[in-house]
Each structure stands twice: as structure tokens, then as C-alpha cells.
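Visitor:
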Amino acid sequence: MRRDHYGGLIVVSRISTFFSSKAGNFRSQFRLLCIASNSFTTTHTFSPLLRQCIDERSLPGIKTIQAEMLKSGFPIQLSGSKLVDAGLKCGEIGYAREVFDGMPERHIVTWNSLIAYFIKHRRSKEAVEVYRLMITSNVSPDEYTLSSVFKAFSDLGFDKEAQRSHGLAVVLGLEVSNVFVGTALVDMYVKFGKTREAKLVLDRVEEKDVVLITALIVGYSQKGEDAEAVKAFRSMLGKGVQPNEYTYASVLISCGNLKNVSNGKLIHGLMIKSGFDSALGSQTSLLTMYLRCGLVDDSLWIFKCIEYPNQVTWTSLISGLVLNGREEMALTEFRKMMRDSADSWDSD
1 MRRDHYGGLI VVSRISTFFS SKAGNFRSQF RLLCIASNSF TTTHTFSPLL
51 RQCIDERSLP GIKTIQAEML KSGFPIQLSG SKLVDAGLKC GEIGYAREVF
101 DGMPERHIVT WNSLIAYFIK HRRSKEAVEV YRLMITSNVS PDEYTLSSVF
151 KAFSDLGFDK EAQRSHGLAV VLGLEVSNVF VGTALVDMYV KFGKTREAKL
201 VLDRVEEKDV VLITALIVGY SQKGEDAEAV KAFRSMLGKG VQPNEYTYAS
251 VLISCGNLKN VSNGKLIHGL MIKSGFDSAL GSQTSLLTMY LRCGLVDDSL
301 WIFKCIEYPN QVTWTSLISG LVLNGREEMA LTEFRKMMRD SADSWDSD
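At position 168 of the sequence shown the residue is numbered 168 (UniProt numbering), and the sequence of numbers has no breaks.
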């Protein structure tokens with residue numbers, strides 16, 4: 001083993017012991033260990049220490065490592081990327097942004113990390129601002145950039161800017177070849193209420209999965225285009241793509257709105273076969289579908305199979321009974337709901 005690498009490992013071992021004891025002054029202790037090792041210039045030594053700082057959420061530790069990196073002549077692009085990542089993982093966005101803004105060049109991964117952080121913390125406007133800076137800096141986005149920024153556009157309602165970025169995705173070949181970009185686009189257009197555009201995107205994506213198709217079905221169902229939702233569901237089955245719980249929940253709403261009992265029962269059978277009929281969300285969707293189709297007895301049977309109905313389930317049952325002219329039964333169920341609620345409060 002080379003002497004410099006061995007010395008670096010000694011530093012890692014000693015600093016890890018220091019962190020675990022949480023004793024002394026970080027900066028002075030850190031400097032002493034660096035001097036003792038006489039070697040602190042490789043990724044192999046810096047990276048474990050940054051991970052230790054992240055685990056301890058120690059911003060002072062990260063800043064000390066930053067100072068040592070600069071003294072050691074560590075490449076600024078590489079050190080900056082690592083420091084931004086460490087700052088974000090510690091939740092220190094101010095520090096991360098300060099380092100980011102001071103970097104003469106930024107790797108695409110660093111841009112994506114910052115955008116993803118803002119999306120995760122529901123700061124869509126700042127995510128878009130970073131994306132705009134990225135474009136004006138002549139950095140080409142990748143699938144991770146676009147998947148994130150399309151979500152930000154939909155959150156903010158930035159329709160025109162979203163369309164321009166969609167065009168960029170087409171130019172880069174990501175709309176067709178990348179299912180994550182395709183799904184983000186479909187979801188974005190659905191939120192804009194543009195199901196036609198969402199369908200066009202879905203048709204062009206080469207590899208279609210359950211998340212992509214479900215996003216379109218949800219959009220149809222939410223917009224009241226129930227026949228299209230059922231049609232998309234049938235097409236999904238024809239392609240051999242297996243639905244998930246969210247797919248079933250959305251298409252059942254559409255079947256109920258259409259009062260399409262035959263399709264509703266067919267879907268119920270598929271749910272039983274695939275094991276999705278026992279989840280509370282699925283049971284509530286089935287209950288609602290049967291009530292909207294006027295099949296009160298079927299809905300009551302579903303309700304009795306639910307071990308712990310929640311407020312949404314109770315509300316679906318009671319409102320559905322009223323809709324079907326069963327006011328007395330609805331009142332009885334309402335009283336049961338109130339009694340069950342009181343019992344649960346007492347047990348708490």
C-alpha cells in the first residue's frame with residue numbers, strides 16, 4: 001500500500017473515532033490529524049470524512065474539510081460537487097447554494113442535485129430558476145433534469161415554458177427513449193388538463209410501463225373523460241402491462257360514473273385475481289363504483305369485508321346510500337360511524 005494512501009486511511013480512522021466521541025474542537029482536532037498524516041489530497045480520504053459529516057449533520061465539519069481541500073489543491077470542480085452534495089444531504093441549502101454559485105464549472109450531476117432538492121422540498125420556483133440558469137450556462141439537461149423540472153412546471157402552471165422544454169426533450173431524443181421523461185410529461189399535461197397532449201406523448205414513448213399508462217388513466221378520470229379512461233385501461237391490458245392499485249382505483253371511478261356495471265365487475269374480478277381487492281383504497285373504490293351503478297347490496301357486501309373502514313370509506317357509503325334513495329339506511333350507517341369514532345377515541 002502506498003504511504004500517502006496509508007496515511008489517509010489513518011486520518012479516516014482517527015477522525016471517525018473523534019466524531020463518535022463528539023469531544024473536543026473539530027477544527028483544531030482535524031488540523032492536527034491532517035498534519036500527522038502528512039497526506040490528505042485524495043478522494044479516498046476526503047470522501048469518507050464528508051460521509052461522516054453528513055451522518056453527523058455537521059456543517060462546521062464540512063466547512064473544515066472544504067478549507068483543507070482548498071489548501072491541498074483539490075480540483076475545484078470535484079471538490080465543489082462533493083461539498084454541494086454534502087450540504088444538501090445535511091439540509092444546509094444556503095451553504096450548498098453558496099458553494100454552487102462559486103464554482104466556475106458545474107457538472108450535470110451537481111445541477112440535478114440542486115434541482116431535485118428544491119423539488120423534494122416543494123420549492124418549485126427555485127427549481128425552475130436553477131434550470132433556467134443551467135440553460136443560459138449552455139449546459140444540456142439530461143433525463144433527470146427534465147423529469148424533475150416538468151414536475152416543477154406543472155406545480156407552477158408554467159404552460160408555455162413547459163412546452164419549450166418539451167421541445168428540447170424531443171430534440172435530445174428523451175421523450176421517446178426514456179420512460180421517466182415520458183411519464184413526467186404525461187403527468188404534467190394531465191395536471192394542465194391537456195389529456196390530448198398527454199395521450200400523444202404516451203403513444204410516442206417506446207417502452208410503456210404501468211406508471212406511465214396509469215398517469216394518463218388518472219388524467220382521464222379526473223377530467224371526466226371516463227370512456228377514454230376505460231379505453232386506456234383495456235389498451236393497457238392488451239399490451240400485457242399489469243395494473244396497480246392506483247390504476248384500478250381510477251378506472252373504477254370512471255366505471256361508476258358511466259354506470260358501466262359489466263366493466264366494473266370485470267375489473268373487480270381482475271383485482272381479486274391479482275390480489276388488489278383487499279387493500280382499503282381498492283375496497284373503497286369498489287364500494288363507490290357499485291353504489292354509483294345502483295348495486296346497493298353489492299356495495300354493502302364490500303363494506304362488510306372491510307375490517308377497519310376510515311372516514312373516506314364511511315363517507316362514500318353514506319353518500320352513496322343517499323344517492324340511491326336509502327336515507328334511513330344512510331342514517332343508520334352514520335350513527336354506526338359516530339359510535340365507532342367514539343369507541344376509537346375512548347380506546348386512545
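For every residue, glycine included, the Cβ atom is placed at its ideal position computed from N, Cα and C. All values reported here derive from a predicted model rather than from experimental measurement.
Can Ile108 and Pro75 be called in contact, C-beta distance under 9 Å?
Guide: Pairing Ile108 with Pro75 gives a Cβ-Cβ distance that is not under 9 Å.
Visitor: Which whole-angstrom value is the C-beta distance of residue 349 and Ile119, which I expect to be below 8 Å?
Guide: No statement about residue 349 is possible, as the shown extent of the chain runs from 1 to 348 and does not include it.
Visitor: Could you check the C-alpha separation between Val88 and Leu185 for me, to the nearest Å?
Guide: Looking at the sequence shown, residue 88 is not Val but Leu. Cα to Cα, Leu88 sits roughly 26 Å from Leu185.
Visitor: Roughly how many angstroms separate the alpha carbons of Pro309 and Ser285, rounded to a whole number?
Guide: 12 Å
Visitor: Quick one: is His268 buried, meaning 16 or more other Cβ sit within 10 Å of its Cβ, or exposed?
Guide: buried
Visitor: Do you know whose CA, among Glu207, Glu206, Leu212, lies nearest Val190's CA?
Guide: Considering only alpha carbons, the answer is Leu212.
Visitor: Cα separation between Gly61 and Gln52?
Guide: 9 Å
Visitor: Have a look at Gly320, Gln311, Glu328 and flag the residue whose alpha-carbon is nearest the alpha-carbon of Met338.
Guide: Gln311
Visitor: Taking DSSP as the reference, what is the three-state secondary structure of Tyr308?
Guide: coil
Visitor: Does the distance from the CB of Leu291 to the CB of Ser316 come in under 9 Å?
Guide: yes
Visitor: State the Cα-Cα distance for the pair Thr97 and Leu70, rounded to the nearest angstrom.
Guide: What sits at residue 97 in the sequence shown is Arg, not Thr. Taking the straight line from one Cα to the other gives about 18 Å.
Visitor: Roughly how many whole angstroms lie between the Cα atoms of Ala227 and Ser254?
Guide: 7 Å
Visitor: To test your reading of the DSSP string, which unbroken alpha helix (DSSP H) runs of 4 or more residues are found completely within the region 61–107?
Guide: 76–89, 93–101
Visitor: Where do the N-terminal and C-terminal ends of the alpha helix (DSSP H) with Leu286 fall, by residue?
Guide: 280–292
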